[in-house]
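Respectively, the protein sequence lines represent chains A and B. At position 40 of the first sequence (counting the first as 1) the number is 40 in full-length UniProt numbering, and the numbers step up by one without a gap. At position 28 of the second sequence (counting the first as 1) the number is 28 in full-length UniProt numbering, and the numbers step up by one without a gap. Heads up, the beta-carbon is just placed ideally off N, CA and C, and yes, glycines get one too. As structure tokens, the structure follows; a few thoughts come after it.
2 protein chains.
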Amino acid sequence: MKNKTKNEACPFRLRASRDALEIIQGKWRIPIVISLMYGTKRFGEIQRDIGDVSPKMLSQELKALEENKIISRTLYDSMPVTVEYSLTPLGHSMEKLLDELLNWGNHFRKEIVGK
Amino acid sequence: MKNKTKNEACPFRLRASRDALEIIQGKWRIPIVISLMYGTKRFGEIQRDIGDVSPKMLSQELKALEENKIISRTLYDSMPVTVEYSLTPLGHSMEKLLDELLNWGNHFRKEIVGK
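The structure is reproduced here in structure tokens:
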């Protein structure tokens, strides 16, 4: 067996990454944020962007993102009442992370799926 | 209600991001990859880096990462037999994504937790 360098991983890096992972976990949160990168939207418009998310799940995930201050929900006192979702500055700060996710997703697809 | 630009999210972006998300999903895969960024390691060394992962879960997640060609597993015919894990080139290609995850995790912590 070759002699290899074995350094312990930086606990600071591990913690920060786990914080981020906790926020973006699951199948729907990142797609929701990507959808709202394209502008303020109503519930049905987000659902249309994502395609295969159930209303119940979308509603739950929007709530979680709102609690974490990634998106904001605005209620308009119109007839009928209108609700719109948009990214907060914290939500917009995810843009570079999403770009890297996209880059790596493409790379992975090319390497593994081969197209 | 103001008139706002409402563009549909790019389906290509959504698909690539979902590919990437599927690979890194869960609490442990990213920490495992971070641990192995610091060098080839044995099971116990990875477990020590991460801290609170159970052996059963770690074993399951290492297997999933191996199936997706993110890590490789090498068996040494020593006494006792030794198993080592390391990142493949595809695993190493996650470095920029992990950096952004770390950056955003720090930013999020400062904004929300306030420290």
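Let me check understanding here. Comparing Cα to Cα, which of the options lies closest to residue i?
i: Ile113(B); options: Leu75(A), Asp19(A) and Met37(A); result: Position check: residue 113(B) holds Val in this sequence, whereas Ile was assumed. Checking every option, the nearest Cα to that of Val113(B) belongs to Asp19(A).
i: Cys10(A); options: Trp104(B), Glu66(B), Asp49(B) and Leu97(B); result: Asp49(B)
i: Ile30(A); options: Val53(A), Val81(A) and Glu8(A); result: Val53(A)
i: Trp110(A); options: Lys69(B), Trp104(B), Lys27(B) and Ile46(B); result: According to the sequence as given, residue 110(A) is Lys; it is not Trp. Nearest of Lys69(B), Trp104(B), Lys27(B) and Ile46(B) to Lys110(A), Cα basis: Lys69(B).
i: Phe108(A); options: Val83(B), Glu67(B), Ile46(B) and Leu62(B); result: Glu67(B)
i: Glu95(B); options: Arg42(B), Arg15(B), Val81(B) and Tyr38(B); result: Tyr38(B)
i: Asn106(B); options: Leu97(A), Lys63(A), Ser78(A) and Thr74(A); result: Leu97(A)
i: Gly44(B); options: Glu61(A), Glu8(A), Gly26(A) and Ile24(A); result: Glu8(A)
i: Pro89(B); options: Lys27(B), Leu62(B), Leu36(B) and Ile24(B); result: Leu36(B)
i: Met57(B); options: Trp28(B), Ser93(B) and Leu21(B); result: Trp28(B)
i: Gln60(A); options: Gly26(A), Arg15(A), Ser93(A) and Asp99(A); result: Gly26(A)
i: Ser17(A); options: Ile24(B), Ala16(B), Ser17(B) and Leu87(B); result: Ile24(B)
Do we get a CB-CB distance below 8 angstroms when we pair residue i with the residues of chain A?
i: Gly39(B); result: yes
i: Leu21(B); result: yes
i: Leu90(B); result: yes
Between residue i and chain B, is any beta-carbon pair separated by less than 8 angstroms?
i: Glu111(A); result: yes
i: Leu58(A); result: no
i: Ser93(A); result: yes
i: Leu87(A); result: no
Which chain A residues are close to residue i, counting only those with a beta carbon under 7 angstroms from its beta carbon?
i: Glu100(B); result: Lys96, Leu97 and Glu100
Going along chain B, which residues have a C-beta under 8 angstroms from residue i?
i: Lys69(A); result: Glu111 and Ile112
Can you tell me which residues form a DSSP beta bridge with residue i?
i: Leu75(A); result: Val83(A)
i: Lys69(A); result: Bridge partners of Lys69(A): none, in fact.
i: Lys41(A); result: Tyr85(A)
Give me the chain A residues within the contact set of residue i, using Cβ-Cβ distance strictly less than 9 angstroms, ordered along the chain.
i: Glu8(B); result: Ser35, Tyr38, Glu45, Arg48 and Asp49
Run down chain B in chain order and give the residues with a C-beta less than 7 angstroms from the C-beta of residue i.
i: Arg13(A); result: Ile34 and Leu102
Which bits of chain B does residue i rub up against, with CB to CB less than 9 angstroms?
i: Arg18(A); result: Lys27, Ile30, Pro31 and Gly105
Just checking: is the beta-carbon of residue i within a distance shorter than 8 angstroms of some beta-carbon in chain C?
i: Leu75(B); result: In the structure shown, chain C cannot be found, because the protein chains are A and B.
Our contact map puts residue i next to residue j with C-beta atoms below 8 angstroms; I'd like the distance itself, whole angstroms only.
i: Ile34(A); j: Leu65(A); result: Incorrect: roughly 12 angstroms between the Cβ atoms, too far for contact.
i: Tyr76(A); j: Thr40(A); result: Rounded, the Cβ-Cβ distance is 11 angstroms, inconsistent with contact.
i: Leu102(A); j: Arg13(B); result: 6 angstroms
i: Arg42(A); j: Val83(A); result: 7 angstroms
i: Gly91(A); j: Ile71(A); result: 5 angstroms
i: Glu100(B); j: Glu100(A); result: 4 angstroms
i: Trp104(A); j: Ser93(B); result: 7 angstroms
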